[in-house]
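Protein chains: 2
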Amino acid sequence: MDQKQADIGKGPQPRPGGRAARIQAAVFKAVDDLTQEGEPAEPTVPAIAARAGVTPSTIYRRWGSLAQLLSDVAVKRLRPDAEPDDSGDWRADLKGWLVQYAEEMASDPGRAMMRDVLSADRTDNACVCSAYTGQQLDVIRARALAKGDTPPDTGVLMDKVIAPVIYRILFSRTPPQADYVAGLVEDVLGKAGE
Amino acid sequence: MDQKQADIGKGPQPRPGGRAARIQAAVFKAVDDLTQEGEPAEPTVPAIAARAGVTPSTIYRRWGSLAQLLSDVAVKRLRPDAEPDDSGDWRADLKGWLVQYAEEMASDPGRAMMRDVLSADRTDNACVCSAYTGQQLDVIRARALAKGDTPPDTGVLMDKVIAPVIYRILFSRTPPQADYVAGLVEDVLGKAGE
DNA sequence: GTCACTAAAGCAAAATATTTGCTTTTGCTG
DNA sequence: CAGCAAAAGCAAATATTTTGCTTTAGTGAC
Chain A
1 MDQKQADIGK GPQPRPGGRA ARIQAAVFKA VDDLTQEGEP AEPTVPAIAA RAGVTPSTIY
61 RRWGSLAQLL SDVAVKRLRP DAEPDDSGDW RADLKGWLVQ YAEEMASDPG RAMMRDVLSA
121 DRTDNACVCS AYTGQQLDVI RARALAKGDT PPDTGVLMDK VIAPVIYRIL FSRTPPQADY
181 VAGLVEDVLG KAGE
Chain B
1001 MDQKQADIGK GPQPRPGGRA ARIQAAVFKA VDDLTQEGEP AEPTVPAIAA RAGVTPSTIY
1061 RRWGSLAQLL SDVAVKRLRP DAEPDDSGDW RADLKGWLVQ YAEEMASDPG RAMMRDVLSA
1121 DRTDNACVCS AYTGQQLDVI RARALAKGDT PPDTGVLMDK VIAPVIYRIL FSRTPPQADY
1181 VAGLVEDVLG KAGE
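Line order of the protein sequences matches chains A and B. According to the working numbering, the stretch in the first sequence is residues 1 to 194, in order. According to the working numbering, the stretch in the second sequence is residues 1001 to 1194, in order.
Structure (structure tokens):
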């Protein structure tokens, strides 16, 4: 993960290591803890503040609203922590990554994070998420190119696989199943690979 | 518009014409008015209640939260008010409808409505929106079938046109342009029509 | 190191919003 | 028309968000 990627979506703190970063970490951790403590409803700002050992006004002043804070936390959690697997067969890696991506995003926590990202005041976070996805796809694509293959363009994958998967998760009662996703991938690979 | 379609997404009122319906109408109108009065921020529940001549607790008890109310209002506004144009050339109608759909959803009000729909507590409303879109596409499709043509499946249109359009609106900085949408439609028509 | 300077946090009071118990109204049904 | 159930009104109790002011932490100049 290069410097540019590491900088995306870091949040509002200007200097790393200082008080601002400490408080942000404490607040993020508090949100993480509270959301995972089985509570189905969203945590409140006062609850988060108490858990983080911080005063509520700090949160309001720094993030502006609960929605924005939850959105920032979601983006942080959506940041990929590792590169996609590399088995040597980039088609298999691509399909595997996309199937797993769909599964994660369709899960309850995945949907909650997506909702949080989209209901923020600022629209930036959603773009950052999409950029994360693109970066992961680009990694697989670069490996294919290095082998002299012609993998599908990342934009094409976004349109033909990511978009339908996300659309179905957001707008349908039935989340995409693994074989549906696999079918989408094969469609794209079929055309590009022939 | 048939009875089944008219019933979708009507909201919580059980009997039409009664007090429940009157109050819902007043509240919906208040939300409409307030959102269009240039205010960039979302209206508050007390403001809506005051405008509707209703007590805030009514709103809280009936809708549970501002998010749910805004979502219901958005769905109501997203309900199609007319069938797609019928020029006799279903391919042109389809492309025209989709281009206009993309434009409307990419507009500021369109994006606000989509955001409202997605940030509701209940997930039903998003499904209803998607159903509306499917119904409109089905109308065009039925015309093509009546002529003995083989139009693309509505599910395919959802995956290949609607999904990328919505994904880009939600997750990218650059909303889809008309020629991009037209390209997507031609891709689908190209395959189905040959 | 110390001193000023700035940005952000703490604190507490004020302003808003939300919840809740109880009463009243409304529309339906027998 | 009386009785019933569902939903609205009202007002008090809670909870939240906002705000003005004070304090603290980090930064850069000496």
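Virtual Cβ for every residue (Gly too), placed ideally from N, Cα, C.
Contact with chain B by residue i, beta-carbon distance below 9 Å
{"i": "Leu224 of chain A", "result": "Absent from the model: residue 224 of chain A. The displayed extent of chain A is 1 to 194, so no value can be given."}
{"i": "Ser107 of chain A", "result": "no"}
{"i": "Asp179 of chain A", "result": "no"}
{"i": "Ile140 of chain A", "result": "no"}
{"i": "Gly193 of chain A", "result": "Its pLDDT being 46, under 50, Gly193 of chain A is placed unreliably in this model, and the coordinates cannot settle the point."}
{"i": "Ser57 of chain A", "result": "no"}
{"i": "Ala163 of chain A", "result": "yes"}
{"i": "Thr35 of chain A", "result": "no"}
{"i": "Leu170 of chain A", "result": "yes"}
{"i": "Lys95 of chain A", "result": "no"}
{"i": "Asp72 of chain A", "result": "no"}
{"i": "Asp153 of chain A", "result": "no"}
{"i": "Ile166 of chain A", "result": "yes"}
Whole-angstrom C-beta distance between residue j and residue i, which should lie under 8 Å
{"i": "Ile140 of chain A", "j": "Asp89 of chain A", "result": "Actually they do not touch by this definition, with Cβ atoms about 11 Å apart."}
{"i": "Lys996 of chain B", "j": "Val1156 of chain B", "result": "Nothing about residue 996 of chain B can be reported from this structure: the residues present for chain B run from 1001 to 1194 only."}
{"i": "Val1031 of chain B", "j": "Val1075 of chain B", "result": "Not really, about 12 Å apart at Cβ, beyond 8 Å."}
{"i": "Val99 of chain A", "j": "Ala178 of chain A", "result": "5 Å"}
{"i": "Arg51 of chain A", "j": "Asp33 of chain A", "result": "6 Å"}
{"i": "Thr1150 of chain B", "j": "Asp1138 of chain B", "result": "Going by Cβ atoms, the distance from Thr1150 of chain B to Asp1138 of chain B rounds to 15 Å, so no, they are not a contact pair."}
Under 9 Å between C-beta atoms of residue i and residue j
{"i": "Gln136 of chain A", "j": "Pro84 of chain A", "result": "yes"}
{"i": "Ala1049 of chain B", "j": "Ile1059 of chain B", "result": "yes"}
{"i": "Ala126 of chain A", "j": "Phe1171 of chain B", "result": "yes"}
{"i": "Asp1116 of chain B", "j": "Tyr167 of chain A", "result": "no"}
{"i": "Thr1123 of chain B", "j": "Tyr1101 of chain B", "result": "no"}
{"i": "Met113 of chain A", "j": "Ile169 of chain A", "result": "no"}
{"i": "Ala163 of chain A", "j": "Ala1163 of chain B", "result": "yes"}
{"i": "Arg91 of chain A", "j": "Leu189 of chain A", "result": "yes"}
is_contact[residue i, chain A] using C-beta, thresh 9 Å
{"i": "Pro1046 of chain B", "result": "no"}
{"i": "Tyr1101 of chain B", "result": "no"}
{"i": "Lys1076 of chain B", "result": "no"}
{"i": "Asp1085 of chain B", "result": "no"}
{"i": "Gly1147 of chain B", "result": "Residue identity differs from the one stated: residue 1147 of chain B is Lys in this sequence, not Gly. It does not; no Cβ of chain A falls within 9 Å."}
{"i": "Ala1006 of chain B", "result": "Only weak support is given to the placement of Ala1006 of chain B: the predicted model assigns it a pLDDT of 36, under 50, and the value that follows is read from those uncertain coordinates. It does not; no Cβ of chain A falls within 9 Å."}
{"i": "Arg1061 of chain B", "result": "no"}
{"i": "Ala1126 of chain B", "result": "yes"}
{"i": "Arg1115 of chain B", "result": "yes"}
{"i": "Arg1173 of chain B", "result": "yes"}
Closest Cα partner of residue i within the set the options
{"i": "Ala106 of chain A", "options": "A:Val73, A:Val165, A:Glu186", "result": "A:Val165"}
{"i": "Gly1053 of chain B", "options": "B:Asp1116, B:Arg1077, B:Gln1024, B:Ser1130", "result": "B:Gln1024"}
{"i": "Ala197 of chain A", "options": "A:Asp86, A:Thr35, A:Ser71", "result": "Residue 197 of chain A is absent from the model: chain A starts at 1 and stops at 194."}
{"i": "Ala20 of chain A", "options": "A:Thr123, A:Glu39, A:Trp63", "result": "A:Trp63"}
{"i": "Asp1121 of chain B", "options": "B:Pro1046, B:Val1031, B:Asp1072, B:Ala1047", "result": "B:Asp1072"}
{"i": "Leu1070 of chain B", "options": "A:Arg61, A:Ala47, A:Ser119", "result": "A:Ser119"}
{"i": "Ala1041 of chain B", "options": "B:Pro1152, B:Asp1108, B:Ser1130", "result": "B:Asp1108"}
{"i": "Arg77 of chain A", "options": "A:Gly38, A:Gly190, A:Trp97, A:Glu104", "result": "A:Glu104"}
{"i": "Arg173 of chain A", "options": "A:Arg111, A:Pro152, A:Gly38", "result": "A:Arg111"}
{"i": "Trp97 of chain A", "options": "A:Val188, A:Ala182, A:Val45", "result": "A:Ala182"}
{"i": "Ser130 of chain A", "options": "A:Val161, A:Gly148, A:Ala142, A:Ala144", "result": "A:Val161"}
Proximity test, residue i beta-carbon vs the ligand ADP heavy atom, cut-off 8 Å
{"i": "Ala1026 of chain B", "result": "With respect to the ligand ADP, the structure shown offers nothing to examine, as it has no ligands at all."}
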